[in-house]
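Undergrad:
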Amino acid sequence: MKNNVIFVFIIFTFLANAQTTKVEKGQLKLNFLAPSIEYEAGLTDKTSITFEVGTGFIFAAGSNRDTEISFFPYFESQYKYYYNFEKRAKKGKRTINNSANYISFMATLQSQKPLLKSSRYGDQAIIVVGPTWGFQRTYKKGFRLSLDLGLGYGYNTLRSNSFVSPLIDIELGWVLNRKK
265 MKNNVIFVFI IFTFLANAQT TKVEKGQLKL NFLAPSIEYE AGLTDKTSIT FEVGTGFIFA
325 AGSNRDTEIS FFPYFESQYK YYYNFEKRAK KGKRTINNSA NYISFMATLQ SQKPLLKSSR
385 YGDQAIIVVG PTWGFQRTYK KGFRLSLDLG LGYGYNTLRS NSFVSPLIDI ELGWVLNRKK
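In terms of my numbering, the sequence shown is residues 265 to 444.
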């Protein structure tokens, strides 16, 4: 009887401390590096979709042109497949709040009107889509770090031309409705 009680106690202790190896059902995130708000909805145990609205920037420089920085509103959506929840959990690393690596398909729509009119980028909309590899980590106090790297295909509505562009997305912020 004593052994059964100890066994049940150990099992409950393990389950109470076990981390989830599934995508969270819904997370609201606030990013401050490039100010934005993002919602990530879990679709399956390993997939999610994100919707983000914020302010991004374009940096353009070259030998034949002036250096320009412009700020634009944007909308971004991403379908993510998380592939290493179990591996992180086995190593004792955090997986709560989708702290894992993923591959994704990203689509970004940048507004036609710049927030600051100091650019030759004027009245145009840019659409960029492409695959990325990324990771996100959410720490105990809710601080969040996320990085996406990939290559995208873009289209510029003003110039009616297409282009290939690197996809680089670095986010620092907080998960507002995080699990602890």
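Backbone N, C-alpha and C fix where the C-beta goes; we use that ideal spot for every residue, glycine too. None of the values given here were measured: they were computed from a predicted structure.
Using the rule of at least 16 other Cβ atoms within 10 Å of the residue's Cβ for burial, across every protein chain shown, is A256 buried or exposed?
TA: Here the chain comprises residues numbered 265 to 444, so residue 256 is not present and cannot be evaluated.
Undergrad: Could you tell me whether the stretch 327-344 touches the stretch 358-377, using the rule of 3 or more Cβ pairs below 8 Å?
TA: yes
Undergrad: Could you round the C-beta distance between N416 and G394 to whole angstroms and report it? I think they count as a contact, below 8 Å.
TA: The identity of residue 416 in the sequence shown is Gly, whereas the question assumes Asn. That pair is a contact at about 3 Å.
Undergrad: If we ignore side chains and look at the alpha-carbon of each, how far apart do S300 and Y403 end up?
TA: 19 Å
Undergrad: To which residues does DSSP link P378 through a beta bridge?
TA: DSSP output for P378 lists no bridge partner at all.
Undergrad: Kindly indicate which three-state DSSP category F296 falls into: helix, strand or coil?
TA: coil
Undergrad: Pull up the DSSP beta-bridge partners for L307, would you.
TA: Partner(s): none; L307 has no beta bridge.
Undergrad: Who pairs with S424 in a beta bridge, going by DSSP?
TA: Looking at the DSSP assignment, S424 forms no beta bridge with any residue, so it has no partner.
Undergrad: Leaving out the 5 sequence neighbours to the left and right, which residues in its chain are closer than 6 Å to T331 when beta-carbon positions are compared?
TA: A325
Undergrad: Using the C-alpha atoms, what's the distance from N328 back to N348?
TA: 45 Å
Undergrad: State yes or no: is the C-beta of L297 within less than 8 Å of the C-beta of F335?
TA: no
Undergrad: What does DSSP give as the partner residue(s) for G318 in the beta ladder?
TA: S300 and Y338
Undergrad: Can you tell me the Cα-Cα spacing of V439 and G318, whole angstroms?
TA: Going from the Cα of V439 to the Cα of G318 covers about 16 Å.
Undergrad: Give every residue of the same chain whose Cβ lies closer than 6 Å to the Cβ of E304, excluding the five residues on either side of it in the sequence, and list them in chain order.
TA: Q291, S312 and T314
Undergrad: From the DSSP output, in three-state form, read off K443 for me.
TA: Residue state for K443 is assigned as coil, using DSSP reduced to three classes.
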